[in-house]
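Chemist:
Protein chains: 2
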Amino acid sequence: MDSPYFSNNTMVYDWSMCSPETTTNTSSILNSAKECAVCGAPSNGYHFNAPSCSACAAFFRRTVTLNRNFQCAQQSICRVNYTMRVICRACRYHKCVQMGMDRSAVQPRRDCNAGRRKMLYHEIKHISSTTSTISNPSPPPPSQIPSYSSSISEEISPNLAIRNDCFEAEQLLDDLLREERLFNERRRMLYCAHSSISDLLTNDNLNDIPFTCSDLRPLTFSGIQKQIRPQILLIYEWLRGWRHFQMLDTSDRFIFLRRCVLYHTVLDPSYLTYRLGFPTKYVMFNAMYVGIDENDQTGWEDEDSCIKSELKKKLYRPLMERTINEIISAMRASNLSFVEFVFLKALVSFKASASSDISKSLKKFMHSHMDLMLKALSLHYQSLGLSKEETAQRTGNLVLMMSNVFAVGMECLESHQKIQFFDLWQLDDLLIKLINRSDR
Amino acid sequence: MDSPYFSNNTMVYDWSMCSPETTTNTSSILNSAKECAVCGAPSNGYHFNAPSCSACAAFFRRTVTLNRNFQCAQQSICRVNYTMRVICRACRYHKCVQMGMDRSAVQPRRDCNAGRRKMLYHEIKHISSTTSTISNPSPPPPSQIPSYSSSISEEISPNLAIRNDCFEAEQLLDDLLREERLFNERRRMLYCAHSSISDLLTNDNLNDIPFTCSDLRPLTFSGIQKQIRPQILLIYEWLRGWRHFQMLDTSDRFIFLRRCVLYHTVLDPSYLTYRLGFPTKYVMFNAMYVGIDENDQTGWEDEDSCIKSELKKKLYRPLMERTINEIISAMRASNLSFVEFVFLKALVSFKASASSDISKSLKKFMHSHMDLMLKALSLHYQSLGLSKEETAQRTGNLVLMMSNVFAVGMECLESHQKIQFFDLWQLDDLLIKLINRSDR
DNA sequence: CTCGGTCAACGGTCAC
DNA sequence: GTGACCGTTGACCGA
Chain A
36 MDSPYFSNNT MVYDWSMCSP ETTTNTSSIL NSAKECAVCG APSNGYHFNA PSCSACAAFF
96 RRTVTLNRNF QCAQQSICRV NYTMRVICRA CRYHKCVQMG MDRSAVQPRR DCNAGRRKML
156 YHEIKHISST TSTISNPSPP PPSQIPSYSS SISEEISPNL AIRNDCFEAE QLLDDLLREE
216 RLFNERRRML YCAHSSISDL LTNDNLNDIP FTCSDLRPLT FSGIQKQIRP QILLIYEWLR
276 GWRHFQMLDT SDRFIFLRRC VLYHTVLDPS YLTYRLGFPT KYVMFNAMYV GIDENDQTGW
336 EDEDSCIKSE LKKKLYRPLM ERTINEIISA MRASNLSFVE FVFLKALVSF KASASSDISK
396 SLKKFMHSHM DLMLKALSLH YQSLGLSKEE TAQRTGNLVL MMSNVFAVGM ECLESHQKIQ
456 FFDLWQLDDL LIKLINRSDR
Chain B
36 MDSPYFSNNT MVYDWSMCSP ETTTNTSSIL NSAKECAVCG APSNGYHFNA PSCSACAAFF
96 RRTVTLNRNF QCAQQSICRV NYTMRVICRA CRYHKCVQMG MDRSAVQPRR DCNAGRRKML
156 YHEIKHISST TSTISNPSPP PPSQIPSYSS SISEEISPNL AIRNDCFEAE QLLDDLLREE
216 RLFNERRRML YCAHSSISDL LTNDNLNDIP FTCSDLRPLT FSGIQKQIRP QILLIYEWLR
276 GWRHFQMLDT SDRFIFLRRC VLYHTVLDPS YLTYRLGFPT KYVMFNAMYV GIDENDQTGW
336 EDEDSCIKSE LKKKLYRPLM ERTINEIISA MRASNLSFVE FVFLKALVSF KASASSDISK
396 SLKKFMHSHM DLMLKALSLH YQSLGLSKEE TAQRTGNLVL MMSNVFAVGM ECLESHQKIQ
456 FFDLWQLDDL LIKLINRSDR
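One line per chain: the protein sequences are A and B, in this order. Take any residue in the first sequence, count from 1 to its spot, add 35: that is its number in this note's numbering. Take any residue in the second sequence, count from 1 to its spot, add 35: that is its number in this note's numbering.
#1: Would you tell me roughly how many angstroms separate the C-alpha atoms of residue 412/A and residue 378/A, rounded to the nearest one?
#2: Should the segment 118 to 133 of chain A be called in touch with the segment 81 to 93 of chain A, which here means at least 3 C-beta pairs below 8 angstroms?
#3: Residue 302/A and residue 440/A: beta carbons closer than 8 angstroms?
#4: Grab me the residues of residue 370/A's own chain with a C-beta within less than 6 angstroms of its C-beta, minus the 5 sequence neighbours each way, in chain order.
#5: Measure the CB-CB distance between residue 257/B and residue 350/B and report whether it falls below 8 angstroms.
#6: Name the DSSP bridge partner or partners of residue 338/B?
#7: Are the Cβ atoms of residue 219/A and residue 245/A separated by less than 8 angstroms?
#8: Among 427/A, 471/A, 409/A, which one has its Cα closest to the Cα of residue 297/A?
#9: What span of residues does the alpha helix (DSSP H) with residue 431/B cover, start to end?
#10: Report the neighbours of residue 268/A on chain B: residues whose CB is nearer than 9 angstroms to its CB, in chain order.
#11: Would you check if the distance between the CB atom of residue 381/A and the CB atom of residue 211/A is smaller than 8 angstroms?
#12: Please classify residue 480/B as buried or exposed, where buried requires at least 16 neighbouring CB atoms within 10 angstroms.
#13: Using the C-alpha atoms, what's the distance from residue 396/B back to residue 224/B?
#14: Below 8 angstroms between beta carbons: does that hold for residue 405/A and residue 385/A?
#15: Classify residue 321/A as buried or exposed, calling it buried when 16 or more other Cβ atoms lie within 10 Å of its own Cβ.
#16: What are the boundary residues of the alpha helix (DSSP H) that residue 128/B is part of?
#17: Given a threshold of 16 other Cβ atoms within 10 Å of its Cβ, counted over all protein chains shown, does residue 468/B qualify as buried or as exposed?
#18: Look up residue 299/A in the DSSP assignment and say whether it is helix, strand or coil.
#19: Near residue 183/B, what residues of its chain come up, given a Cβ to Cβ distance below 8 angstroms and the 5 sequence neighbours on each side ignored?
#20: Can you tell me which of 398/B, 427/B, 394/B puts its alpha carbon nearest to the alpha carbon of residue 410/B?
#21: Could you give the C-beta distance for residue 363/B and residue 309/B, rounded to a whole number, given that I count them as a contact under 8 angstroms?
#22: Where residue 207/A and residue 109/A are concerned, what is the direct C-alpha to C-alpha distance, given to the nearest angstrom?
#23: Does any residue of chain A bring its CB to less than 8 angstroms from the CB of residue 344/B?
#24: Residues of the segment 442 to 464 of chain A with a CB closer than 9 angstroms to any CB of chain B: list them in chain order, please.
#25: Count the other C-beta atoms from every protein chain shown that fall within 10 angstroms of the C-beta of residue 300/A, then say buried if there are 16 or more, exposed otherwise.
#26: Taking the alpha-carbon of residue 232/A as reference, which of 368/B, 293/B, 74/B has the nearest alpha-carbon?
#27: Which chain B residues sit within Cβ distance under 8 angstroms of residue 289/A?
#28: What's the call for residue 315/A, buried or exposed, on a 16-neighbour Cβ count within 10 Å?
#29: Taking beta-carbon pairs under 9 angstroms, can you tell me which members of the segment 365 to 394 of chain B lie near chain A?
#30: For the beta strand (DSSP E) that residue 323/B lies in, which residues bound it at each end?
#31: State the Cα-Cα distance for the pair residue 414/B and residue 360/B, rounded to the nearest angstrom.
#32: Tell whether a beta-carbon distance below 8 angstroms holds between residue 75/B and residue 117/B.
#33: I want to verify the contact list: residues of chain A whose CB lies under 9 angstroms from the CB of residue 143/B, in sequence order.
#34: Should residue 464/A be listed as close to the ligand ATP, given that the test is whether its C-beta is under 7 angstroms from any heavy atom?
#35: Between residue 261/B and chain A, is any beta-carbon pair separated by less than 8 angstroms?
#36: Where DSSP assigns a beta bridge to residue 70/A, which residues make up the other side?
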């Protein structure tokens, strides 16, 4: 009664189909089971918890058991369908995962001492692969590739499970770093005043902050006002870079976007200030800054037809000071690294969304996703050679920072709801829609 | 004999040879499978549906993938056997087909990263760089254009449609449509005033224009001035969506971006005006419009601290009128479809860049890329059921439109170079860098 | 019904 | 350009 179907429904369908129009129509569910979710070929049922054809199932099984890691030659945007499925294996694998295939559903290598012939086949394969690796001058990979020999299958299985998790975690870190770099590239193009275009277009730009000190300009509120819309777009692009975002329905996307706009607006300036401006300049998302010191009037002056100096200070100095005291100082104290910042941003974004009014199954998925994030962070620390104590301490710092970000973010939200309600100064109308409770 | 193999073989071969000869003696099938039907060499089974040796199979595969067409120096009566097989390729290929080899059994190009060495390399990299992707210099040479074997089509026979080309053409159309839709989604988020956020975030938005009439607002030059930078970013994102863009070096990227900014600035307003504003409103990229009629002053008024009405009209009315007369009217006359617009945009972008100062090999690649585009367009017309005459006529229209776009674009460029030189009004500094010859 | 194993037939590679 | 070589794929099977 429960076996595969029940688990299928809770794990996959509940959250991939939480949009009303799909759940109402049962035939679409039946149709989706008849068609491979990965390549669209006629499917004969479920494989590894996703409606898929046997070919994609075999592909997925091979990829997992051999612990392969593919790299897309393009930008991980290859179309995967019946005719194109063999073109890019990286994207085919990602689509398998996206469509709900579960790495843990791949069983450990079975004991195959069923017949002489099979053993013979394996021995031959084993010998030939061994000799080829020996003849190769490159470092030998035998520890990575599972042996074809069936005799040690029992010993492999626990390691294999760990490796699967590592694989996912590693992938996650790669995704997050890629998206942050893209975000920086876009910000450079939008806000940099002095860089040459060659600097913007180059491939080698691995900087973890988008600006340099020479890009910083005194803040004007009218400048912020005009550039908040592109900034929201960039946050949306960051969110879309997350592999599972496209599977969310509209209302869940809305929740995620709202949360990210709110908390990124706190986090990004914090990191920029920590890296570029502290202790004199508080740097905003668009490389504009205000003076931190009370006597420094930069950015706090009157702006005709926009906002008065007094109101600026009344509304935003407390927020700025709280951000400095509770977030930026913590970043400085722990000497926050780029990777840690990227994790902090992701954890804040997903934790905030998971605490919102989303479907139960999505909530469950989000929590396992955050577990994976912590796992990836731990692996990162491990690769840096940190001890367990240091790892625990830095992870704890990050989690403490998260709660500070939530607190400051809430104050920021309330403050802007007040601004909008009393019309203290003109906010962008898309921002208002994201601040308000209802969507209109 | 080997019972499992035998049953396997019969099952597989029955499926592939579902012909009336299945009643023939099984042994004769096995005998015939033992020797190559083409050259008589010992064969190891079926290839492309004919019992053949691996050499003849490889020969057939190369011939099909490279779409080669051989000519026999004799009278197409050459004997093809084990010793003579390399003498006449025309007769060898002919015999391949005669013996039942099926061109459609040759599959599309597979993942190029799948090679033995490269795979090993990736796996090693995978191990060593668990998390330190930052320090990874990412060895694969980006400036090198890979093999693109399909572009080496010297001896093309038009009646033998290349399967691979069809795949690539299909992929190309898909990419272009996807990028245009993404472009529209981004424009909606940047410029829409009245849509609800749910409308922006929904997946089902397949509209081919980003705005509705209710989004249109009277133009202000200061508004254009402020929003040109996000627009350049969107053009950059469009360009980056092109699969091969990341393989270009910085200077080539610069050339492409310059060309696209120029011609998209002509093309996008043209399409928007044709679809939304004509004959009263000329619609810009950000949903702002000016009046087309000389008596309609909308958008042409004085703007304090930016630009005077007189200068606006002097600088931009001629450009607008030329765009209407030469481009928009042509779009209207041919009732340009969304897909055609997408192709027009791509053709203009790539043709303009290919005519610039880029490396010879890139130029060659660009031309074959444009050929592929025309092929994809032709396939699209074919799928719509258009006759050859109609296809030729519409393709001709599109090519004529291209040259008009180039002409108007050149005038637009000169006009803005003049504006920048005499400082007639303040242009965005990134735009200036893209207009000027040198990069500084 | 969906696992894993199997192997003929694919594609890519690279000395020759 | 050729063909031996090897890795990958997917229809098929038993469990």
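In this text, a Cβ means the ideal position worked out from N, Cα and C, and glycines have one as well.
Modeler: Looking at the coordinates:
#1: In the first sequence, counting from the first residue as 1, residue 412/A sits at position 377. In the first sequence, counting from the first residue as 1, residue 378/A sits at position 343. Their backbone Cα atoms lie some 7 angstroms apart in a straight line.
#2: Short answer: they touch.
#3: The count along the first sequence starts at 1 and reaches residue 302/A at position 267. The count along the first sequence starts at 1 and reaches residue 440/A at position 405. Yes, the pair counts as a contact, with Cβ atoms nearer than the cut-off.
#4: In the first sequence, the residue the question calls residue 370/A occupies position 335. Excluding its 5 nearest sequence neighbours in each direction, residue 370/A has no C-beta neighbour in its own chain below 6 angstroms.
#5: Taking the second sequence and counting its residues from 1, one reaches residue 257/B at position 222. Taking the second sequence and counting its residues from 1, one reaches residue 350/B at position 315. Not a contact, by the Cβ cut-off of 8 angstroms.
#6: Taking the first residue of the second sequence as 1, we reach residue 338/B at position 303. According to DSSP, residue 338/B shares a beta bridge with 342/B.
#7: For the purposes of this step, residue 219/A is identified with residue 184 of the first sequence, where counting begins at 1. For the purposes of this step, residue 245/A is identified with residue 210 of the first sequence, where counting begins at 1. Contact flag set, yes.
#8: As a first step, residue 297/A is located in the first sequence; it is residue number 262 there, counting from the start. Minimum Cα-Cα distance from residue 297/A among the listed residues 427/A, 471/A, 409/A corresponds to 471/A.
#9: Residue numbering aside, residue 431/B sits at position 396 when the second sequence is read from its first letter. In the DSSP assignment, residue 431/B falls within the unbroken alpha helix (DSSP H) covering 423 to 457.
#10: For the purposes of this step, residue 268/A is taken as the residue at position 233 of the first sequence. Contact note: residue 268/A reaches chain B through 221, 224, 225, 265, 268, 269, using a C-beta cutoff of 9 angstroms and chain order.
#11: The sequence position of residue 381/A within the first sequence is 346, counting from 1. The sequence position of residue 211/A within the first sequence is 176, counting from 1. Cβ atoms of residue 381/A and residue 211/A: closer than 8 angstroms.
#12: What is shown of chain B runs 36 to 475, which leaves residue 480/B out entirely.
#13: On the second sequence, position 189 is the one that residue 224/B refers to. On the second sequence, position 361 is the one that residue 396/B refers to. Here the alpha carbon of residue 224/B sits roughly 38 angstroms from the alpha carbon of residue 396/B.
#14: Numbered from its first residue, the first sequence carries residue 405/A at position 370. Numbered from its first residue, the first sequence carries residue 385/A at position 350. Result yes, Cβ atoms of residue 405/A and residue 385/A sit closer than 8 angstroms.
#15: Here residue 321/A refers to the residue found at position 286 of the first sequence. Buried, because 16 or more other Cβ atoms sit within 10 Å of the Cβ of residue 321/A.
#16: Reading the second sequence from its first residue, position 93 is the one you call residue 128/B. Its alpha helix (DSSP H) spans residues 124 to 133.
#17: The sequence position of residue 468/B within the second sequence is 433, counting from 1. Residue 468/B comes out buried.
#18: Position 264 of the first sequence, counted from the first residue, corresponds to residue 299/A. Helix, per DSSP.
#19: Locating residue 183/B in the second sequence gives position 148, counting from the first residue. Reliability of the predicted coordinates at residue 183/B is poor, the pLDDT of 30 falling under 50, and the value obtained from them is presented with this limitation in mind. Cβ within range, chain order: 400, 403.
#20: In the second sequence, counting from the first residue as 1, residue 410/B sits at position 375. Checked all of 398/B, 427/B, 394/B; the closest Cα to residue 410/B is 427/B.
#21: Walking along the second sequence from the start, residue 363/B turns up at place 328. Walking along the second sequence from the start, residue 309/B turns up at place 274. About 5 angstroms; that satisfies the 8 angstroms criterion.
#22: Residue mapping note: residue 207/A aligns to position 172 of the first sequence, counting from 1. Residue mapping note: residue 109/A aligns to position 74 of the first sequence, counting from 1. If you take the alpha carbons of residue 207/A and residue 109/A, they lie about 18 angstroms apart.
#23: For this step, residue 344/B is matched to residue 309 along the second sequence. Residue 344/B has a beta carbon lying at 8 angstroms or more from every beta carbon in chain A.
#24: Along the segment 442 to 464 of chain A, the positions whose C-beta sits under 9 angstroms from a C-beta of chain B are 464, read in chain order.
#25: Sequence index remark: in the first sequence, residue 300/A carries index 265 (1-based). Residue 300/A is buried by the Cβ-count criterion.
#26: Here residue 232/A is taken as the residue at index 197 of the first sequence, counted from 1. Nearest option by C-alpha distance: 293/B.
#27: Here residue 289/A corresponds to residue number 254 of the first sequence, with the count starting at 1. Chain-ordered, the chain B residues with CB closer than 8 angstroms to the CB of residue 289/A read 232, 233, 236.
#28: By 1-based counting over the first sequence, the position of residue 315/A is 280. Answer is exposed; the Cβ neighbour count stays below 16.
#29: Cβ contacts with chain A come from no residue of the segment 365 to 394 of chain B.
#30: Here residue 323/B corresponds to residue number 288 of the second sequence, with the count starting at 1. Per DSSP, the continuous beta strand (DSSP E) segment holding residue 323/B begins and ends at 323 to 326.
#31: Translated into the one-based positions of the second sequence, residue 414/B becomes position 379. Translated into the one-based positions of the second sequence, residue 360/B becomes position 325. The alpha-carbon separation between residue 414/B and residue 360/B amounts to approximately 30 angstroms.
#32: Sequence index remark: in the second sequence, residue 75/B carries index 40 (1-based). Sequence index remark: in the second sequence, residue 117/B carries index 82 (1-based). Yes.
#33: In the second sequence, the residue the question calls residue 143/B occupies position 108. Ordered by position in chain A, the residues that pass the 9 angstroms Cβ test against residue 143/B are 118, 119, 121, 122.
#34: No copy of the ligand ATP occurs in the structure displayed, which carries no ligand at all.
#35: Sequence index remark: in the second sequence, residue 261/B carries index 226 (1-based). Closer than 8 angstroms to some Cβ of chain A, the Cβ of residue 261/B qualifies, so yes.
#36: Taking the first residue of the first sequence as position 1, residue 70/A is located at position 35. Per DSSP, 77/A.
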